[in-house]
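For reference, each letter of the sequence shown is one residue, going 65 to 276 in this note's numbering.
The beta carbon of each residue, even a glycine, is placed where N, CA and C say it ideally should be.
Below is one structure, written out as structure tokens, with a few remarks after it.
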Amino acid sequence: MFILFGTKGRAIETDSGQFHCPNCNIKEEYGKKYVQDWFTLFFIPIFPISGKKNNHIECRKCESIYHTDVIEYKPALNEEEIESEYEKALKNVLCLMILADKKVEGGEISTVSNIYNKLTNDKKFSKNQIDKSIVKLKKDKKTVNQYLKKIKPYLNSGHRELIIKAMYLVASSDGHLDKKEGELLMKTANVLEMTSAHVKGVLSELDKKNNN
Ligand SMILES: [Zn+2]
Numbered sequence: 065m066f067i068l069f070g071t072k073g074r075a076i077e078t079d080s081g082q083f084h085c086p087n088c089n090i091k092e093e094y095g096k097k098y099v100q101d102w103f104t105l106f107f108i109p110i111f112p113i114s115g116k117k118n119n120h121i122e123c124r125k126c127e128s129i130y131h132t133d134v135i136e137y138k139p140a141l142n143e144e145e146i147e148s149e150y151e152k153a154l155k156n157v158l159c160l161m162i163l164a165d166k167k168v169e170g171g172e173i174s175t176v177s178n179i180y181n182k183l184t185n186d187k188k189f190s191k192n193q194i195d196k197s198i199v200k201l202k203k204d205k206k207t208v209n210q211y212l213k214k215i216k217p218y219l220n221s222g223h224r225e226l227i228i229k230a231m232y233l234v235a236s237s238d239g240h241l242d243k244k245e246g247e248l249l250m251k252t253a254n255v256l257e258m259t260s261a262h263v264k265g266v267l268s269e270l271d272k273k274n275n276n
């Protein structure tokens, strides 16, 4: 009998999921695969004759092949996304400041609503929405760093100063800056990589304006 044998490289899938395919430039399904040479008999793979090699990611749509690191790849945010992330972060840090002294005061809520409106060219953050955000913040218990993480690389120094000023105005809207409020302010400045001298400068500017 004539026996036909040979070898064949097979791509074997070990995992799958979704990733941002740099070629398709949208979210696609991927397969994580490695390649292994197999002994074949009548073209049927019988057993592997090599180790697992060439771990890679393959896009199911365009079949492009990538290094496994491609799963971590995230496209840069576009302008609209930056804007919406900035607004989200602003809402969260301002509400965090309302909560800093453990008392939710009416004055603080209207200050947040006004400041948000001013800093976003007339976008609304109503008392009702603020109440809802506060409930969510209490439940999530995230740090100010977590709320700013996504947007931080996109903030320019003007944005950073505005965030600090706005938080300060909320904190001092009841007439004084509570110890916890001061701590949250400095923590935020720290996250935003602003020095305490920078913060002092920004806030003294604010005091001058208020006194005039
Ligand atoms: Zn693709």
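Does the distance between the C-beta of residue i and the nearest non-hydrogen atom of ligand 1 fall short of 8 Å?
{"i": "Ser128", "result": "yes"}
{"i": "Lys125", "result": "yes"}
{"i": "Cys159", "result": "no"}
{"i": "Glu151", "result": "no"}
{"i": "Asn185", "result": "no"}
{"i": "Asn87", "result": "yes"}
Out of the options, which one is the CA nearest neighbour of residue i?
{"i": "Ile227", "options": "Asn156, Phe103 and Phe69", "result": "Asn156"}
{"i": "Asp133", "options": "Lys167, Phe83, Leu68 and Glu145", "result": "Phe83"}
{"i": "Glu151", "options": "Lys97, Lys214, Ala235 and Ser128", "result": "Lys214"}
{"i": "Lys116", "options": "Gln100, Asp165 and Cys126", "result": "Gln100"}
{"i": "Ala140", "options": "Lys216, Lys244, Ile129 and Ala253", "result": "Lys216"}
{"i": "Arg74", "options": "Phe107, Cys88 and Tyr94", "result": "Phe107"}
Just grab the DSSP bridge partners of residue i for me.
{"i": "Phe103", "result": "Thr71 and Phe111"}
{"i": "Cys85", "result": "Ile90"}
{"i": "Cys123", "result": "Tyr94"}
{"i": "Ile76", "result": "Tyr98"}
Return helix, strand or coil for residue i, following the three-state DSSP convention.
{"i": "Tyr137", "result": "coil"}
{"i": "Lys97", "result": "strand"}
{"i": "Asn254", "result": "helix"}
{"i": "Thr6", "result": "Examination of residue 6 is not possible in this model, given that the chain is present from 65 through 276 alone."}
{"i": "Ser159", "result": "Just to set this straight, residue 159 is Cys in the shown sequence, not Ser. Looking at Cys159 - three-state DSSP - the assignment turns out to be helix."}
{"i": "Asn118", "result": "strand"}
{"i": "Glu169", "result": "coil"}
{"i": "His262", "result": "helix"}
How many whole angstroms separate the CB atoms of residue i and residue j, which I take to be in contact at a CB cut-off of 8 Å?
{"i": "Phe103", "j": "Phe69", "result": "7 Å"}
{"i": "Thr175", "j": "Val234", "result": "5 Å"}
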